[in-house]
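Colleague: Heads up: take any position in the sequence shown, counting from 1, add 13, and you land on my numbering. From the three backbone atoms N, C-alpha and C, an ideal C-beta is built for every residue, glycine too. Note that the coordinates shown come from a computational prediction; the quantities given were computed from them, not determined experimentally.
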Amino acid sequence: MNIEEIIEARLSGQTIDYNEDLATQHKNVLAAHQALTFVLGETIVSDPDREPPTLTSDYEIIGELGRGGMGVVYLARQKSLSREIAVKVLRLRSESRDRFLKRFLDEARHMAQLRHPNIVAVHEVGQTGDEPYFTMDFVAGESLSHRLSRGALSPAQAIRILKQVVAAVQHAHERGIIHRDLKPGNILLDSDSTAYVTDFGLAREVEGGSEITRSGELVGTPAYMAPEQAMGQVDRIGEATDVHALGAVMYESLTGRPPFGNDAVAVVFSRILNHQPVAPRQLNRRIPRDLETICLKCLEKDPGLRYATAQALGEDLRRFEVGDPIAARRPGPVTRALRSIRKNGKMIATAGVTAIIATGLTLHFAIPTSDTLRSWGKEREAKGDYVGALDVYRRAWEKSEGEARHAARADVIRCIRKANDPKSALAAARAVIVEDPYTSFGVLDHLVAQTVVAELNARTGGSVAAARKESDRDLLELAETRLKLFLNSSHGSAVERKNAEDSLAAVGGVLHEHTHGAPVEYVEDVPDYRLPDGTDFELEKVANDSKTSPWERGKAEYVLAVRAQKAGNKQLALAAASRAFELVRSVYPMYSGVAASTVIAPMVASRIGSEPVEAILLRKSHELLSTLDPQRPSALTGGIRFVLKGIEIPAELNLCAQLKLRAPDALKDPTFLPQSTVPFIANRAEVGIADGTYEMQMHASSSSIPSGFERFVRLMEVDFDRLPKTVTIADGKITELEVPVRQMDELTLIGPETGSSFDPSTDVFSWKPVAGAASYRLLISLQQDYKNGKRTTGLANIKVHTPRVCLGTIDDADIIRTKSKFTAGALLTWSVTAYDKSDRRIAVSREYSRPLVLAKALER
14 MNIEEIIEAR LSGQTIDYNE DLATQHKNVL AAHQALTFVL GETIVSDPDR EPPTLTSDYE
74 IIGELGRGGM GVVYLARQKS LSREIAVKVL RLRSESRDRF LKRFLDEARH MAQLRHPNIV
134 AVHEVGQTGD EPYFTMDFVA GESLSHRLSR GALSPAQAIR ILKQVVAAVQ HAHERGIIHR
194 DLKPGNILLD SDSTAYVTDF GLAREVEGGS EITRSGELVG TPAYMAPEQA MGQVDRIGEA
254 TDVHALGAVM YESLTGRPPF GNDAVAVVFS RILNHQPVAP RQLNRRIPRD LETICLKCLE
314 KDPGLRYATA QALGEDLRRF EVGDPIAARR PGPVTRALRS IRKNGKMIAT AGVTAIIATG
374 LTLHFAIPTS DTLRSWGKER EAKGDYVGAL DVYRRAWEKS EGEARHAARA DVIRCIRKAN
434 DPKSALAAAR AVIVEDPYTS FGVLDHLVAQ TVVAELNART GGSVAAARKE SDRDLLELAE
494 TRLKLFLNSS HGSAVERKNA EDSLAAVGGV LHEHTHGAPV EYVEDVPDYR LPDGTDFELE
554 KVANDSKTSP WERGKAEYVL AVRAQKAGNK QLALAAASRA FELVRSVYPM YSGVAASTVI
614 APMVASRIGS EPVEAILLRK SHELLSTLDP QRPSALTGGI RFVLKGIEIP AELNLCAQLK
674 LRAPDALKDP TFLPQSTVPF IANRAEVGIA DGTYEMQMHA SSSSIPSGFE RFVRLMEVDF
734 DRLPKTVTIA DGKITELEVP VRQMDELTLI GPETGSSFDP STDVFSWKPV AGAASYRLLI
794 SLQQDYKNGK RTTGLANIKV HTPRVCLGTI DDADIIRTKS KFTAGALLTW SVTAYDKSDR
854 RIAVSREYSR PLVLAKALER
């Protein structure tokens with residue numbers, strides 16, 4: 014029999030003989046069970062039918078919200094402020110009152126000390142008769158436990174809630190307060206899924222402990238306890254104890270069940286003390302591997318192996334969310350071997366276990382220490398290999414602690430400043446500023462700031478102005494810090510500094526907006542103004558018309574779904590929301606990383622146009638679908654990462670491209686072009702794409718070119734045609750695609766000379782031959798001046814196989830079609846492009862700034 018079977022048998026009154034090796038486990042678990050039973054037994058309210066308390070005339074009791082070991086919570090209306098509040102009243106057996114009165118008042122005191130947007134705020138402490146009470150915020154919504162009773166959350170939903178809870182717990186820890194009873198029931202969610210931590214009845218101040226917490230006393234909720242809590246080891250309870258509870262909450266949010274089950278208390282305790290939880294991905298394969306690693310690190314038995322603080326956990330969640338490598342590592346062979354030994358009691362099958370340990374130790378000692386890595390790094394640095402040294406130093410930094418970590422980080426910063434590979438330097442710098450946002454990297458500070466701004470744009474879909482969620486605040490603050498640091502230095506060109514000032518203004522405008530002295534609420538814009546109106550019959554007619562574009566049909570279905578939801582018809586709403594999402598997805602599957610504008614200013618990601626309304630509708634229809642069907646797996650977690658490869662692109666130059674994606678069977682609608690601008694920041698762009706298979710087209714987009722880079726851009730060739738024509742996004746994966754970039758030769762034009770008169774019937778366009786050229790394209794344009802500037806219109810794009818051509822001797826279709834525009838006095842500009850046998854561009858001419866003057870009309 015195993016320990017759980019023994020415990021269940023003993024609790025049921027059976028006499029069971031068991032191996033002496035299990036005696037210690039059984040003794041510890043049974044003691045914990047008895048202690049918790051005693052504590053819970055003391056705190057049961059004795060009179061459930063007791064009338065509500067009589068409060069001051071300013072409060073009107075509306076009804077009971079809930080009750081538990083520490084009293085009863087009522088909903089009340091505070092007349093003087095015309096608001097609803099919650100009132101918690103201590104109601105215990107008389108023999109228990111003195112023991113728990115201090116705990117109750119401590120809860121009020123703890124909560125009153127905390128001022129955080131994700132912690133329920135306490136307003137007033139008082140007493141009615143012999144019953145103390147305190148008033149606090151009323152959160153209109155439900156607890157996370159009630160939400161999880163309907164099924165597990167998607168990874169994105171879980172992270173959104175958990176990040177808020179972690180921030181609240183970090184706030185409490187920074188003020189010396191450990192919660193000790195974090196669980197889904199103590200996390201409230203309002204209608205916008207904003208999370209609020211409550212119930213600090215078991216909270217403990219780190220300094221000085223608590224008079225009501227004796228050595229060996231068991232406090233907390235069994236399924237969410239850390240091992241040190243289950244054993245009553247008060248001296249070991251600290252921030253890592255709450256981290257364990259956060260891991261348990263994360264586990265249940267992702268899998269739908271607590272990590273150690275909800276069985277008999279003693280059985281749960283046995284699992285907490287002796288077993289590792291089932292890996293979350295074994296219960297739900299859609300959980301990302303890194304998220305599983307973060308969760309299991311929180312649930313380590315040894316507090317020293319967990320995240321040391323809630324802040325460290327929050328940082329790893331942020332890294333996961335933005336796609337950076339997480340700090341947590343999966344258990345190695347030695348750890349797994351030792352866990353196996355502990356789980357199975359004695360070292361049975363000694364030879365096999367010894368082999369496991371020997372193999373694990375061999376691997377362990379083959380891994381270089383932090384000091385060894387730093388020594389290797391110094392050798393590479395001495396040879397001038399700063400990129401190689403940076404990689405080694407970074408590994409040393411990631412695995413070291415204390416003073417050694419500080420020294421390794423200094424090595425990393427030094428090599429960042431020396432490295433001649435911007436990509437490696439920026440990746441390392443981004444990791445450094447997580448620990449110290451104020452670290453300067455000299456001339457790289459501008460690029461580091463732009464990387465943060467680009468990350469912010471990628472999160473919001475291409476616009477700093479859209480970063481209005483509370484979860485965006487940390488990144489906004491980091492962007493502001495890095496932009497200010499750059500502008501306070503002497504580095505950067507005038508253009509870079511002007512663009513940084515514009516970015517800082519955009520970031521600050523969102524970050525520091527206030528309404529009546531309080532920060533504005535971070536909300537996502539909804540494109541209602543673009544949605545159709547009309548009766549349900551009219552909208553259904555549009556939605557069912559197979560000749561209407563999927564985009565218009567999808568908008569109609571979305572409106573129908575929203576109306577059905579408001580009317581309480583969940584089944585009808587779910588069907589319409591499902592159709593809306595699929596229709597929109599078929600022609601516009603991009604949910605993030607794109608912008609509506611087709612022209613962006615260089616170097617400044619925040620100049621990209623506002624987020625496409627199509628992307629917003631795609632997300633909103635998916636959000637509605639997830640609300641109506643919580644069990645439905647998220648389809649908005651994957652995408653494509655485009656990486657420019659081939660030549661080094663100047664850091665000052667940011668490129669953009671136009672991306673088109675549509676399902677192969679989607680109706681081709683010429684009135685709706687499903688495309689958006691994709692900005693490349695630091696040679697890469699990441700676009701969020703809904704799960705599915707799509708036809709893909711990508712081509713260069715026009716953009717402003719920084720002064721001094723005109724020739725580089727003109728000769729740069731980005732081979733988007735090398736990308737696959739069809740892509741499949743599935744299982745939340747980010748597919749990386751390389752986009753080849755090369756530099757073409759410059760083709761030399763011979764004549765006619767710029768500014769000369771030109772007879773189109775007899776004069777010849779000529780240029781120097783290009784080695785390897787199989788054909789040339791002569792582009793002729795008409796230049797016209799207007800009051801507000803000039804405009805250039807293409808007249809002809811002529812393919813020839815020799816480096817000369819006379820317009821009067823060819824029968825090109827473009828020439829015939831535009832013959833009437835070749836009139837006397839017209840101003841023409843021209844350029845030539847060379848192509849190889851594969852019809853790939855290999856050279857391009859330098860465009861003339863002054864046009865040709867047609868001496869007479871083209872005669873045919």
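Which value, in whole angstroms, describes the spacing of the CA atoms of K560 and Y571?
Modeller: Computed Cα separation, rounded: 18 Å.
Colleague: Of the choices A171, K738 and N275, whose alpha-carbon is the least far from that of G260?
Modeller: Here the closest residue by C-alpha is A171.
Colleague: When you compare only the Cα positions, how much space is there between L544 and E636?
Modeller: Answer to the nearest angstrom: the Cα atoms are 17 Å apart.
Colleague: Report the residue from L161, E661, A165 and Q91 whose alpha carbon sits nearest the alpha carbon of H136.
Modeller: The shortest C-alpha separation from H136 is found at Q91.
Colleague: Is L500 helix, strand or coil when you go by DSSP?
Modeller: Correct three-state label for L500: helix.
Colleague: Could you round the C-beta distance between A679 and A786 to whole angstroms and report it? I think they count as a contact, below 8 Å.
Modeller: Incorrect: roughly 39 Å between the Cβ atoms, too far for contact.
Colleague: If you drop the 5 nearest sequence neighbours on each side, which residues of the same chain put their C-beta closer than 7 Å to that of R583?
Modeller: Before going on, a small fix: residue 583 reads as Lys here, not Arg. If we look at K583 and ignore the five residues flanking it on each side, its Cβ neighbours are L641.
Colleague: Roughly how many angstroms lie between the CA atoms of L439 and L666, to the nearest whole one?
Modeller: One C-alpha to the other measures close to 15 Å.
Colleague: Exposed or buried, G164, counting other C-beta atoms within 10 Å across all chains shown (16 or more means buried)?
Modeller: When all chains shown are included, G164 counts as exposed.
Colleague: Figure out for me which residue from L166, P692, P271 and L638 has the closest Cα to the Cα of F655.
Modeller: The shortest Cα separation from F655 among L166, P692, P271 and L638 belongs to P692.
Colleague: Between Y707 and V752, is the Cβ-Cβ spacing less than 7 Å?
Modeller: No. Outside cutoff.
Colleague: Rounding to the nearest angstrom, what Cα-Cα distance links K310 and R342 in this structure?
Modeller: So the alpha carbons of these two residues sit roughly 8 Å apart.
Colleague: Starting from Y4, trace the alpha helix (DSSP H) both ways and give me its first and last residue.
Modeller: Residue 4 is absent from the structure shown; the chain starts at 14 and stops at 873.
Colleague: Is the distance from the Cβ of V466 to the Cβ of S506 below 7 Å?
Modeller: Taking 7 Å as the Cβ cut-off, V466 and S506 do not qualify as a contacting pair.
Colleague: Look up G505 in the DSSP assignment and say whether it is helix, strand or coil.
Modeller: Looking at G505 - three-state DSSP - the assignment turns out to be coil, as it is neither helix nor strand.
Colleague: Residues in its own chain within less than 6 Å of I811 by CB, not counting five upstream and five downstream?
Modeller: Taken in chain order, the residues that qualify are L791 and D825.
Colleague: So what does DSSP say about Q140, is it helix, strand or coil?
Modeller: Q140 falls in the strand class under three-state DSSP.
Colleague: Give every residue of the same chain whose Cβ lies closer than 6 Å to the Cβ of A432, excluding the five residues on either side of it in the sequence, and list them in chain order.
Modeller: Correct list, in chain order: Y399, V400, L403 and A438.
Colleague: In the DSSP assignment, find the unbroken beta strand (DSSP E) run with L668 in it and report its ends.
Modeller: Start and end: L668 to R675.
Colleague: Of all the options R486, A847 and K314, which has the alpha carbon lying nearest to the alpha carbon of N287?
Modeller: Of R486, A847 and K314, the residue nearest in Cα terms is K314.
Colleague: State the Cα-Cα distance for the pair T148 and I174, rounded to the nearest angstrom.
Modeller: In a straight line, the C-alpha of T148 is about 25 Å away from that of I174.
Colleague: Can you list, in chain order, the residues of its chain whose CB lies under 8 Å from that of A676, leaving out five sequence neighbours each side?
Modeller: Around A676: R598, S599, V600, P602, G705, T706, Y707 and E708.
Colleague: In chain order, what residues of the same chain have a beta carbon less than 6 Å from the beta carbon of I98, not counting five sequence neighbours either side?
Modeller: These residues qualify, in order along the chain: A89, Q91, T148 and F151.
Colleague: Using the beta-carbon count (16 or more within 10 Å), is K196 buried or exposed?
Modeller: Buried.
Colleague: CB A153 to CB Q177, shorter than 7 Å?
Modeller: No, these two residues do not count as a Cβ contact at 7 Å.
Colleague: Between which two residues does the alpha helix (DSSP H) harbouring L386 extend?
Modeller: Taken as a continuous stretch (DSSP letters only), the alpha helix (DSSP H) holding L386 covers S383 to A395.
Colleague: Candidates E759, H459 and V262: which alpha carbon is nearest A492's?
Modeller: Of E759, H459 and V262, the residue nearest in Cα terms is H459.
Colleague: What's the call for H186, buried or exposed, on a 16-neighbour Cβ count within 10 Å?
Modeller: By the neighbour-count rule (16 or more Cβ atoms within 10 Å), H186 is buried.
Colleague: For the region 136 to 198, which segments carrying the alpha helix (DSSP H) assignment without a break, of at least 4 residues, lie completely within its bounds, in sequence order?
Modeller: Qualifying alpha helix (DSSP H) stretches, in chain order: 157 to 161 and 168 to 187.
Colleague: Within its chain, find whatever has a CB closer than 7 Å to the CB of W410; leave out the 5 residues flanking it on each side and keep chain order.
Modeller: Closer than 7 Å at Cβ, skipping near neighbours: R418, A421, R422 and V425.
Colleague: Check for me: the beta strand (DSSP E) holding I763 runs from which residue to which?
Modeller: From DSSP, the beta strand (DSSP E) with I763 extends over L762 to G764.
Colleague: For G521, I'd like the list of residues in its chain whose CB is within less than 8 Å of its CB, leaving aside the five on either flank, ordered along the chain.
Modeller: Closer than 8 Å at the Cβ level, and outside the excluded window around G521, lie E493.
Colleague: Going by DSSP in three states, E313 sits in which element: helix, strand or coil?
Modeller: Reduced to three states, the DSSP call for E313 is coil.
Colleague: Return yes when the Cβ of I828 is within less than 7 Å of the Cβ of L820, no when it is not.
Modeller: Taking 7 Å as the Cβ cut-off, L820 and I828 qualify as a contacting pair.
Colleague: Could you pull the start and end residues of the beta strand (DSSP E) that G274 belongs to?
Modeller: Element bounds for G274: n/a, residue is neither H nor E.
Colleague: Relative to the C-alpha of P663, which candidate in A513, M729 and L630 has its C-alpha closest?
Modeller: Considering only alpha carbons, the answer is M729.
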